[in-house]
Amino acid sequence: MKGKSLILLIVLVAAVAVCTGLASAYLLGNAGDEMQMFENGEPFSDSVRIENLVPGQSQSSDYTAEAPSGSVLTIEFTKGAEDALDEFLTVTVTVNEETLYEGSMSECYGTPYTADVSGEFTFSVAYSLDSSVGNAAQGLISEFTVVYTLEGGDQA
């Protein structure tokens, strides 16, 4: 009786593990938040609001993901309703420790930043105010959307 129960438990745990693996293609972690990207290239949109940064301070979103070989990750920014902080804000887009863009927030809108990815990879988007920014940036806000898309990939 104990032998049959143990075998049933092992089969049940294996089935749950397989179903979880199939259901979570491209699950990404970000400090407790989760983003889900699918094989078909359906984009994930993240609404971002940057406020109350002091000169020299930064804020970032860091992710780890997995993709089949031949995949392309695209990251694109769309301007929101509030953009007064954009001229002071620096954005850095990094995929697998390679910097795809580093520059002014106001100049990055509408440009897709792409990287070839396969297997496990990391990517991040960091926002910062240079330490030389004075009081002109105090109380300003930037709102925008970051769209992440994972497309392609060799299917087995």
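Residue numbers for the sequence shown follow my numbering, beginning at 1350 and rising by one.
Note that CB positions come from ideal geometry on N, CA and C, so glycine has one too.
Inter-residue spacing [alpha-carbon to alpha-carbon] between residue i and residue j
i	j	result
V1362	Y1476	Unreliable positioning characterises V1362 in this predicted model, as indicated by a pLDDT of 47, which lies under 50. The coordinate reading is nonetheless provided below. V1362 and Y1476: Cα-Cα distance of roughly 42 Å.
G1419	A1464	10 Å
V1403	V1442	21 Å
V1397	T1494	6 Å
Y1462	A1486	27 Å
V1444	F1470	7 Å
E1431	S1455	12 Å
Residue i, DSSP secondary structure in three states
i	result
S1480	coil
A1433	coil
V1397	strand
Contact check, residue i vs residue j, beta carbons under 8 Å
i	j	result
L1422	F1472	yes
Q1406	L1478	yes
Top-ranked residue by Cα proximity to residue i, from the options
i	options	result
S1491	S1410, E1436 and G1405	E1436
G1468	T1413, T1427 and I1399	T1413
E1447	E1400, V1496 and V1474	V1474
Runs of alpha helix (DSSP H) wholly within the stretch 1443-1492 (minimum 4 residues, chain order): none
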